[in-house]
Amino acid sequence: NHALMYFTQAEFRTIEAAVERIFPKDENGPGAKDLGVGYYIDHQLAGSWGFNARDYMQPPFFHGEKVQGYQGRLKRREIFRIALREMQNYSQKKYKKNFEDLSEDQQDTVLKDFETDKVRLSTISPSGFFDMLRNAVLEGVYSDPLYGGNKDMNGWRMRDYPGDQMSYSNIIEKGFQKIPPESLQDHMG
Numbered sequence: 014n015h016a017l018m019y020f021t022q023a024e025f026r027t028i029e030a031a032v033e034r035i036f037p038k039d040e041n042g043p044g045a046k047d048l049g050v051g052y053y054i055d056h057q058l059a060g061s062w063g064f065n066a067r068d069y070m071q072p073p074f075f076h077g078e079k080v081q082g083y084q085g086r087l088k089r090r091e092i093f094r095i096a097l098r099e100m101q102n103y104s105q106k107k108y109k110k111n112f113e114d115l116s117e118d119q120q121d122t123v124l125k126d127f128e129t130d131k132v133r134l135s136t137i138s139p140s141g142f143f144d145m146l147r148n149a150v151l152e153g154v155y156s157d158p159l160y161g162g163n164k165d166m167n168g169w170r171m172r173d174y175p176g177d178q179m180s181y182s183n184i185i186e187k188g189f190q191k192i193p194p195e196s197l198q199d200h201m202g
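Whatever position you read off the sequence shown (first residue = 1), add 13 for the numbering used here.
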């Protein structure tokens, strides 16, 4: 399903540019954009992950240790919305262009500045957002295509991963076999 559920068109252009820099297309295969990772993140933010539905989100909020992960009142969808706006503000301030219009090196610099907390923000942790974004990119590249990313199972193909096989009983006796990947969608009635 490649319809936006949460991002605006402008936010989606920014997120697609960012995810492609985190997982770029190269000689090994497609990048995050071609794998549909932007849609994966959009769909996750529109669902329970974006609302922190399974996280304890009640005050009082204290500054947590690094090992504790995120400790705060903002939901992931709000963090992404703020961070994408701040990425645009930072890109405009530093280069006088929108993030998606920057060169790849300039985009890498902006992302690195978020990753290393060089960007000063009062609303969110830049490095916390970068970690969340990077994890979401990897999930989108390698998750089952049912969730919006890993388009045509090409993320799995790059890793020779067979995906969700219901059974290996028909080939288990034959020794090592390279088999084409299957998605959960392939087994839905």
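Every residue gets a Cβ at the ideal spot worked out from N, C-alpha and C, and that includes glycine.
DSSP three-state label for glutamate 40, please. Locating residue 40 in the sequence shown gives position 27, where the first residue counts as 1. Of the three classes helix, strand and coil, the one that applies to glutamate 40 here is coil, per DSSP.
Residues near phenylalanine 20 in its chain [Cβ-Cβ closer than 6 angstroms; skip 5 each side]: Translated into the one-based positions of the sequence shown, residue 20 becomes position 7. Asp55, listed in sequence order.
What do you reckon, are the CB atoms on valine 132 and glutamate 91 nearer than 8 angstroms? Mapped onto the sequence shown, residue 132 falls at position 119. Mapped onto the sequence shown, residue 91 falls at position 78. It is not a contact, given that the beta carbons lie outside the stated cut-off.
Per-residue DSSP class, three states only, for glycine 141: By one-based count along the sequence shown, residue 141 stands at place 128. Correct three-state label for glycine 141: helix.
Element boundaries [alpha helix (DSSP H), containing glycine 168]: In the sequence shown, counting from the first residue as 1, residue 168 sits at position 155. Run containing glycine 168: 167-172, per the alpha helix (DSSP H) assignment.
So who's on the other strand from glycine 176, going by DSSP bridges? On the sequence shown, position 163 is the one that residue 176 refers to. For glycine 176, which the question treats as bridged, DSSP gives the partners Glu195.
When the distance is taken between beta carbons, is glycine 153 closer than 8 angstroms to alanine 66? Counting from 1 along the sequence shown, the entry for residue 66 is found at position 53. Counting from 1 along the sequence shown, the entry for residue 153 is found at position 140. Not closer than 8 angstroms, so no.
Just verifying my parser: in three-state terms, what is the DSSP assignment at aspartate 118? In the sequence shown, the residue the question calls residue 118 occupies position 105. Aspartate 118: helix per DSSP, three-state reduction.
To the nearest angstrom, report how far apart methionine 18 and glycine 77 are at their CA atoms. For the purposes of this step, residue 18 is identified with residue 5 of the sequence shown, where counting begins at 1. For the purposes of this step, residue 77 is identified with residue 64 of the sequence shown, where counting begins at 1. Rounded to whole angstroms, methionine 18 to glycine 77 spans 31 angstroms at the Cα level.
Say whether the stretch 154-162 touches the stretch 98-116, bearing in mind that this needs 3 or more beta-carbon pairs closer than 8 angstroms, one atom from each stretch. no
Indicate whether glycine 51 and arginine 89 have their beta-carbon atoms separated by less than 8 angstroms. In the sequence shown, residue 51 corresponds to position 38, counting from 1. In the sequence shown, residue 89 corresponds to position 76, counting from 1. It is not a contact, given that the beta carbons lie outside the stated cut-off.
Could you tell me the alpha carbon to alpha carbon distance between serine 104 and aspartate 68, rounded to whole angstroms? Residue mapping note: residue 104 aligns to position 91 of the sequence shown, counting from 1. Residue mapping note: residue 68 aligns to position 55 of the sequence shown, counting from 1. Taking the straight line joining both Cα atoms gives about 32 angstroms.
Is the beta carbon of aspartate 130 less than 8 angstroms from the beta carbon of serine 140? The count along the sequence shown starts at 1 and reaches residue 130 at position 117. The count along the sequence shown starts at 1 and reaches residue 140 at position 127. Against a cut-off of 8 angstroms, the Cβ pair of serine 140 and aspartate 130 comes out as a contact.
Spatial neighbours of glutamine 198 within its chain, please: CB distance less than 6 angstroms, with the 5 preceding and 5 following residues excluded, ordered by chain position. Against the sequence shown, residue 198 aligns to sequence position 185. So the qualifying residues of the chain are Leu159.
Using a Cβ-Cβ cutoff of less than 8 angstroms, which residues in the same chain neighbour histidine 15 once the five nearest sequence positions on both sides are dropped? As a working mapping, residue 15 is identified with position 2 in the sequence shown. Same-chain partners within the cutoff: Gly49, Tyr52 and Gly161.
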